[in-house]
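Let me begin by presenting the structure, written as structure tokens, before commenting on it.
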Amino acid sequence: MKQIKFLDLYKQSFFIRKKITEKINNCIKNSSFIGGDELEKFNKNFKKYLKVKFCLGVANGTDALEIAIKSLDLKKNSEIIVPANSWISSAEAVLSNGYKVKFVDVNDTSNICIKDLKKKISKKTSAIIVVHLYGNPAEVDKIKKIAKEFNLRIVEDCAQSHGASLNNKKVSTFGDVSAFSFFPSKNLGCYGDGGAIVTNTKKYYLKSKKIANHGGLKKNKNEILGRNSRLDNLQASILNIKLKELDKWIAIRNKQVTLYNSELKNIKDIKFIRTIYGARSSNYVFVIKTRNRQKLINFLNKNKIETHIHYPKALPELKVFRKNFLYKCRKMEAIKISKQILSLPIGEHLSLKDIKYICAIIKNFYSE
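Counting in the working numbering, the sequence shown runs from 34 upward without gaps.
What follows is the structure, given as structure tokens:
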């Protein structure tokens, strides 16, 4: 019986492994580990790819979010709106900065529901975190208009959306400041932890740079309280190579999604995540909704097909938030779909033949 892995990073990097090894060896040979030419090159390459003015490599995606929020100098004790369906970092970064979280519901894109967003804005609101979940662009153009009306800042959480775009404009370029993660499983991932902050505003860039470098732009020139958060030269060298492959990898994923949609569209129990008009998803994961999730998972496991759930609990359901937030959020769509969503295998390690095989197994499940 054929085994289908959910993720296979070894296979993903097979054709570029020699280049990566050469880069790593070069860093070792030159003792270039912290800072260095590869990091400088990556900051330039990534901002050119996104078409933004500034890019700062940092230690990880959570640091990127926390530093990005801090760079905005928001009003003390103000509220930041966060989608209820996301990875914990989206809300964690708010609380770590001393601000208050207000959860907003999601719609059938699994991203911020515009209708609920308008209801959640109050005099205490200072910013909105826009998450492009699963690599699927949120309605950030509409959110930007609302933010302008109420004088709110926008932080784009692009941890899953490297290369995604809306109306031919890359996500991360709509907000005031944006955060990326380069965790190994991402479409653009390194061989450890890594992240980046991007912005078109020099003030936010310089503030972020200070925070990430112990509060100063230069060594022993500490101006504010900061932290130590940097993308190391080894990881940057890997990202420089992978960045050249990113659009090709996204194209592979897009073809796989098209095939999934075509093969599974007639199964009434399966619902797809909607992509808004003008959006190009990076398809970090391919998510379906089903009322028979556990039975389907068991059937796929039996047939050696790996799956995941992104995420089994909405943020208000997590223990850290439950006491203060769940009673306000019980009727949210985010809570409902957390019981239905299922991520199927997708990625450069798979062929279209593999996708067709997965679909055939799923069809067998529904025919029994």
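Quick reminder that beta carbons are idealized off the backbone N, C-alpha and C, glycines included. What you are looking at is a predicted structure, and each value in this text was computed from that prediction instead of being measured.
Candidates the options: closest to residue i by CA position
i: Arg50; options: Gln289, Thr95, Ser270; result: Ser270
i: Ile395; options: Ile53, Gln327, Ala367; result: Gln327
i: Pro170; options: Arg186, Thr206, Thr158, Lys135; result: Thr206
i: Lys108; options: Ser122, Val127, Ile121, Thr95; result: Val127
i: Phe177; options: Glu381, Gly225, Val210, Gly68; result: The question names Phe, but residue 177 is Lys in the sequence shown. Closest by alpha carbon: Val210.
i: Gly68; options: Leu348, Glu350, Arg263; result: Arg263
i: Phe136; options: Phe305, Arg363, Lys243; result: Arg363
i: Ser241; options: Asn331, Ile100, Lys153; result: Ile100
i: Thr158; options: Glu366, Leu385, Val134, Phe75; result: Val134
i: Ala347; options: Ile338, Asn325, Ile374; result: Ile374
i: Lys103; options: Tyr224, Lys236, Phe47, Lys77; result: Lys236
i: Gln36; options: Glu401, Ile388, Ile114; result: Ile388
i: Thr308; options: Glu172, Glu73, Lys156; result: Glu172
i: Pro217; options: Gly249, Glu55, Lys44; result: Lys44
i: Tyr344; options: Ile121, Thr54, Met34, Glu112; result: Ile121
i: Glu381; options: Ile370, Asn334, Glu73, Lys288; result: Lys288
i: Gly222; options: Ile274, Lys243, Lys181; result: Ile274
i: Ile370; options: Asn253, Asn325, Lys352, Asn246; result: Asn325
i: Ala284; options: Asn63, Ser111, Ile244, Ser384; result: Ser384
i: Ala245; options: Ser111, Thr95, Tyr224; result: Thr95
i: Met34; options: Asn63, Lys335, Phe47; result: Lys335
i: Thr54; options: Glu401, Tyr224, Lys251, Asn110; result: Tyr224
i: Ser111; options: Asp70, Glu125, Ser129, Lys156; result: Lys156
i: Lys372; options: Ile330, Lys386, Lys352, Glu401; result: Ile330
i: Gly168; options: Asn130, Glu73, Lys252, Phe213; result: Phe213
i: Lys56; options: Gly249, Lys251, Asp41, Leu272; result: Leu272
i: Lys352; options: Glu125, Lys298, Lys181, Leu292; result: Glu125
Nonlocal neighbours in the same chain, by C-beta distance under 6 Å from residue i, ignoring five residues either side
i: Asn140; result: Cys146
i: Pro349; result: Ala117, Phe136, Phe358, Leu359, Cys362
i: Arg402; result: Since the first and last residues shown for the chain are 34 and 401, residue 402 lies out of range.
i: Ser465; result: Because the chain spans 34 through 401 in this model, residue 465 falls outside it and cannot be assessed.
i: Lys203; result: Leu83
i: Gly227; result: Phe215, Leu264, Gln268
i: Ile154; result: Phe183
i: Met365; result: Ala117, Asp138
i: Arg16; result: Beyond the ends of the chain as shown, which are 34 and 401, falls residue 16; an answer cannot be given.
i: Glu296; result: Cys392
Spatial neighbours of residue i in its chain, beta-carbon cut-off 7 Å, leaving aside the 5 residues before and after
i: Glu278; result: Ile49
i: Leu166; result: Asn118, Ser119, Ser143, Asn144, Gln193
i: Phe305; result: Asn294, Ile321
i: Ile391; result: Ile37, Ile338, Leu377, Pro378
i: Asp149; result: Val137, Asp138
i: Asp41; result: His382
i: Ser46; result: Ile53
i: Lys243; result: Gly249, Leu250, Glu256, Ile257, Gly259
i: Ile342; result: Ile374, Leu375, Ser376
i: Trp282; result: Asn220, Glu381
Whole-Å CB distance - residue i paired with residue j, under 8 Å assumed
i: Lys80; j: Val231; result: 6 Å
i: Val164; j: Asp190; result: 4 Å
i: Tyr399; j: Asp280; result: Going by Cβ atoms, the distance from Tyr399 to Asp280 rounds to 35 Å, so no, they are not a contact pair.
i: Phe87; j: Tyr238; result: 4 Å
i: Asn220; j: Gly196; result: 6 Å
i: Lys151; j: Ile179; result: 7 Å
i: Ala229; j: Ala393; result: The Cβ separation is near 40 Å, so there is no contact.
i: Leu276; j: Asn78; result: 6 Å
i: Leu333; j: Thr340; result: 6 Å
i: Glu71; j: Cys60; result: 7 Å
i: Ile162; j: Ser123; result: 6 Å
Test: residue i CB closer than 9 Å to a CB of chain D
i: Leu333; result: Here chain D cannot be found, since the structure has a single protein chain.
Cβ-based neighbour list, residue i, same chain, cut-off 8 Å, excluding 5 preceding and 5 following
i: Ile300; result: Ile395, Lys396, Tyr399
i: Leu199; result: Pro170, Val173, Asp174, Phe207, Ile309, Gly311, Ala312, Arg313
i: Ile15; result: This structure gives no information on residue 15, because the portion of the chain shown stretches from 34 to 401.
i: Glu418; result: The structure shown does not extend to residue 418, since the chain spans only 34 to 401, so no value can be given for it.
i: Val290; result: Ser314, Asn316, Phe319, Ile379
i: His247; result: Asn255, Gly259, Arg260, Asn261
Any non-hydrogen atom of the ligand HEM closer than 8 Å to residue i Cβ
i: Asn78; result: This structure lacks the ligand HEM, and indeed carries no ligand of any kind.
Three CB pairs or more closer than 8 Å across the stretch 81–96 and the stretch 299–313: Three or more beta-carbon pairs separated by less than 8 Å are not found between the stretch 81–96 and the stretch 299–313, which leaves the two stretches without contact.
Meets three-Cβ-pair contact criterion under 8 Å: the stretch 347–362 and the stretch 242–262: The stretch 347–362, when compared against the stretch 242–262, does not touch it at the 8 Å Cβ threshold.
Contiguous alpha helix (DSSP H) assignments of at least 4 residues, all confined to the stretch 305–343: Listed in chain order, they are 326–335.
Length at least 3, wholly inside the stretch 184–259: the beta strand (DSSP E) runs in chain order: The qualifying runs are 186–190, 210–214, 228–232.
Length at least 3, wholly inside the stretch 46–103: the beta strand (DSSP E) runs in chain order: Here the runs fully enclosed are 87–91.
Alpha helix (DSSP H) runs contained entirely in the stretch 115–184, provided each spans 4 or more residues: List check, alpha helix (DSSP H) in window: 122–129, 147–153, 173–182.
Length at least 3, wholly inside the stretch 337–390: the beta strand (DSSP E) runs in chain order: Fully enclosed beta strand (DSSP E) runs of 3 or longer: 374–377.
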